[in-house]
Amino acid sequence: MGLVTCGDCGGKVSTNAAACPHCGRLPNRRKRAPSQVQHVQTQRRGGKYELAGFLMILGGMVGLCAGGGADNQVVSMLAFSVLVGGFVVFLAGRFM
Ligand SMILES: [Zn+2]
Numbered sequence: 016m017g018l019v020t021c022g023d024c025g026g027k028v029s030t031n032a033a034a035c036p037h038c039g040r041l042p043n044r045r046k047r048a049p050s051q052v053q054h055v056q057t058q059r060r061g062g063k064y065e066l067a068g069f070l071m072i073l074g075g076m077v078g079l080c081a082g083g084g085a086d087n088q089v090v091s092m093l094a095f096s097v098l099v100g101g102f103v104v105f106l107a108g109r110f111m
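Residue numbers (this note's numbering): 16 to 111.
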């Protein structure tokens, strides 16, 4: 970030400005291509959600097997909720 002097009106113009705010003159320097710069190294954000969802699915399955059963519907329901929730999180991370 910095200031340059406008060649037309002599006013201070931010180097980030697309044009002079005083007279509207376009700067001499080449236009940046921020869209290109920003998207070159875009990393996937969904990776950690995928992992979290996968762990939730595993936890839900373990809960269903270990604590589930006809005699313990609360644990069974909880484990199933975690499993479904994990699946949703996993899919969300997958397509993020
Ligand atoms: Zn100007």
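No residue lacks a Cβ here, since even glycine has one placed at the ideal position from N, Cα and C. Predicted, not measured: the structure shown is a model, and the values here were computed from it.
Considering only residues of the same chain and omitting the five flanking positions on each side of residue i, which have a CB-CB separation below 8 Å?
i, result
"HIS37", "CYS21, CYS24, GLY26, VAL28"
"SER96", "GLY75"
"HIS54", "Low confidence applies here, because HIS54 scores a pLDDT of 49, under 50, leaving its location unreliable; read the following figure in that light. Counting only Cβ-Cβ distances below 8 Å, and skipping sequence neighbours, we find nothing."
Does the Cβ-Cβ distance between residue i and residue j come in under 8 Å?
i, j, result
"PHE105", "PHE69", "yes"
"LEU18", "THR30", "yes"
"LEU100", "TYR64", "With the sequence shown as reference, residue 100 is identified as Gly, and Leu is not the correct amino acid for it. Their beta carbons are not under 8 Å apart, which means GLY100 does not touch TYR64 by this criterion."
Given residue i, which residues of its chain have a CB within under 6 Å of its CB, disregarding the five upstream and five downstream residues?
i, result
"GLY78", "ALA94"
"ALA34", "LEU41"
In this structure, does DSSP put residue i in helix, strand or coil?
i, result
"LEU18", "strand"
Within the same chain, show all residues whose beta-carbon is closer than 7 Å to that of residue i, passing over the 5 residues directly before and after it, in chain order.
i, result
"VAL89", "none"
"ARG60", "MET111"
"GLY102", "In the sequence under discussion, the amino acid at residue 102 is Phe, which differs from the Gly named in the question. Cβ within range, chain order: GLY68, ILE72."
Using a strict less-than 6 Å threshold between each residue's beta carbon and the heavy atoms of ligand 1, what residues do you get?
Those residues are CYS21, ASP23, CYS24, GLY26, CYS35, HIS37, CYS38, ARG40, given in chain order.
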